[in-house]
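In the numbering used here, the protein residues as written are 5 to 216.
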């Protein structure tokens, strides 16, 4: 379990293959917890180097969050960084791995639900409902009420998950509906912030996976 309510991690993207892109010079110190760039030192709970695989990040970061969620504590993974930094690459795989892990370990009595939204131009859109705009102010959920949870809740689609294949189909639909555009730093940059939320009805908790 997490010893601190908020933990910060740094993932270093592998060097660009573009020889015209200047590579950042840095040093990692004190057991993968400090990174030194120029005369500045930045402190984290853990630093993942450019060769760190997604499995390592999932084991160290996501599993503790999932354990909290399964025990009834709301949890959030929030990825923040500049365009082209690898946020969407990381979060997309964390969503897939999280669903696989949770659906294989959740108690049989637990009903699991999913919503997927994006924030674009200061508005919120439902990625599971053809990008229909929804109001952030109307997000109130009753996890004790299956009839409310399975379907459209205050304009937001929340889908009950019966199997992993169904969950992956919803994620694929949401990813297809995301707003993307070419930028100077990323040929397929996501032009929005997205949030995938997994709800557990038996312990009344939820896990947010946020790509900023």
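Glycine included, every Cβ here is placed at the ideal spot set by N, Cα and C. In this text the structure is predicted, and so the values were computed from the model without any measurement.
Under 6 Å Cβ to Cβ from residue i, same chain only, skipping five residues before and after it: list those, please.
i, result
"residue 101", "62"
"residue 198", "122 and 215"
"residue 210", "78, 201 and 203"
"residue 114", "204 and 206"
In chain order, what residues of the same chain lie with their CB nearer than 8 Å to the CB of residue i, ignoring the 5 residues before and after it?
i, result
"residue 89", "17"
"residue 8", "49"
Are there 16 or more other CB atoms within 10 angstroms of the CB of residue i, so buried, or fewer, so exposed?
i, result
"residue 188", "Low local confidence applies: a pLDDT of 43 at residue 188 is under 50, so the model's placement there is unreliable, with the coordinate-based value given in what follows. When all chains shown are included, residue 188 counts as exposed."
"residue 186", "With a pLDDT of 39 at residue 186, under the threshold of 50, the modelled position of this residue cannot be trusted, and the question is left open."
"residue 174", "buried"
"residue 4", "No information on residue 4 is available, as it lies outside the stretch 5 to 216 that the chain covers here."
Which of the three DSSP states, helix, strand or coil, is assigned to residue i?
i, result
"residue 138", "strand"
"residue 46", "strand"
"residue 71", "helix"
"residue 180", "helix"
"residue 10", "coil"
"residue 84", "coil"
"residue 209", "strand"
"residue 100", "helix"
"residue 128", "strand"
On a Cα-Cα basis, can you pick out the residue from the options that is closest to residue i?
i, options, result
"residue 39", "14, 180 and 19", "14"
"residue 120", "182, 9 and 54", "182"
"residue 94", "75, 56 and 107", "56"
Closer than 7 Å by C-beta to residue i: which residues in its own chain qualify, once you throw out the five before and the five after it? Chain order, please.
i, result
"residue 104", "168"
*Using 8 Å as the Cβ pair cut-off and three pairs as the minimum, do the stretch 70 to 85 and the stretch 158 to 172 touch?*
Result no; under three Cβ-Cβ pairs closer than 8 Å.
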